[in-house]
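Residue numbers (the working numbering): 1 to 257.
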């Protein structure tokens, strides 16, 4: 398994300012703008899920994995503006060139990051170059779905067939891994839990592909447990994992000596 790896997840909210400008709603109050945008989107698509440029980033969480172990982190709107969140995340790629791992990152997270970075006039060639600057990027970059620089697990595990796409929480539950309580957890805690879920599924994925042995997989799982114990806000998530792990033969071994 090639290191370093960066597992990432974004959380977003509706960009009312851009939405109001796009649809000529700037004269309305904020609450009315949101209602109007949701109504317009339902008329267009039957869903409240807005087009990608209107997803304002409020948190980017990541799990950095290298020879030293695991580091769980978040850049959140509780302390940073969207511009600062983007700048901090993009600065990672100025120094390192990690393997990216995500769930639906190719369809959602990376395109939203691209659009919001363009909105602020940011530059991120290390993330978005496809060979125009560095010719080596032609053969292995973060955008090409068949390269290994960005592994979108939802895409890869579906064998690149949209009809086979699955939800992150559903696959986590199926494998005896913890799933999230999105209604009660703070946004950065929820984003970090999505990152942990994605990493645990990735470990099972590379075990399947023969890139990890069973003992290496077990060691990697124990690293995650130690990491969660070190983050107080994730203790409930860890306790939930201990309960649901009992439902599958492999996962239940993680918490038994």
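We treat Cβ as the ideally placed atom computed from N, Cα and C, and that holds for glycine. From a predicted model like this one, the values you see are computed outputs, not experimental measurements.
Practice problem: Could you tell me the distance, in whole angstroms, from the CA atom of residue 202 to the CA atom of residue 153? | Solution: 7 Å
Quiz item: Using CA coordinates, which residue listed in 12, 142, 44 is at the minimum distance from residue 23?
Solution: 44
Self-check item: Endpoints, alpha helix (DSSP H) assigned at residue 37
Solution: 30-45
Quiz item: Just reading off the beta strand (DSSP E) that residue 102 is part of, what are its end residues?
Solution: 99-102
Quiz item: Per DSSP, residue 60 forms a beta bridge with which residues?
Solution: 10, 75
Quiz item: How do the segment 60-74 and the segment 214-229 stand: do at least 3 beta-carbon pairs fall below 8 Å, yes or no?
Solution: yes
Quiz item: Excluding sequence positions up to five away, which residues of its chain have a Cβ less than 6 Å from the Cβ of residue 19?
Solution: 37, 54
Quiz item: So what's residue 217 in DSSP terms, helix, strand or just coil?
Solution: helix
Quiz item: Which residue or residues does DSSP assign as beta-bridge partners of residue 66?
Solution: Answer is 69, bridged to residue 66.
Exercise. Kindly list the residues whose CB is nearer than 6 Å to the CB of residue 241, restricted to its own chain and excluding five residues on each side of it in sequence; keep chain order.
Key: When the five nearest sequence neighbours on each side are left out, the beta carbons in the same chain lying within less than 6 Å of the beta carbon of residue 241 are those of 178, in order along the chain.
Quiz item: Buried or exposed: where does residue 215 fall if 16 or more other Cβ atoms within 10 Å of its Cβ makes it buried?
Solution: exposed
Quiz item: Whose C-beta lies closer than 8 Å to the C-beta of residue 87 among residues of the same chain, with five residues either side of it excluded?
Solution: Correct list, in chain order: 122.
Quiz prompt | Rounded straight-line distance, which links the Cα of residue 59 to that of residue 80 | solution = 9 Å
Quiz item: Does DSSP put residue 236 in a helix, in a strand, or in coil?
Solution: helix
Exercise. Return the first residue and the last residue of the alpha helix (DSSP H) that residue 85 is part of.
Key: 82-95
Exercise. Look at the alpha carbon of residue 8 and the alpha carbon of residue 102, and state the distance between them as a whole number of angstroms.
Key: 6 Å
Self-check item: Residue environment, residue 190, which counts as buried when at least 16 other CB atoms sit within 10 Å
Solution: buried
Quiz item: Is DSSP giving residue 152 helix, strand or coil here?
Solution: strand
Quiz item: Could you give the distance in angstroms between the alpha-carbon of residue 272 and the alpha-carbon of residue 5?
Solution: In the structure displayed, the chain extends from 1 to 257; residue 272 sits before or after that span and is not available.
Exercise. Flag this pair as yes or no: are the beta carbons of residue 166 and residue 100 separated by less than 8 Å?
Key: Against a cut-off of 8 Å, the Cβ pair of residue 100 and residue 166 comes out as no contact.
Exercise. Per DSSP, which residues does residue 113 bridge with? Please list them.
Key: Looking at the DSSP assignment, residue 113 forms no beta bridge with any residue, so it has no partner.
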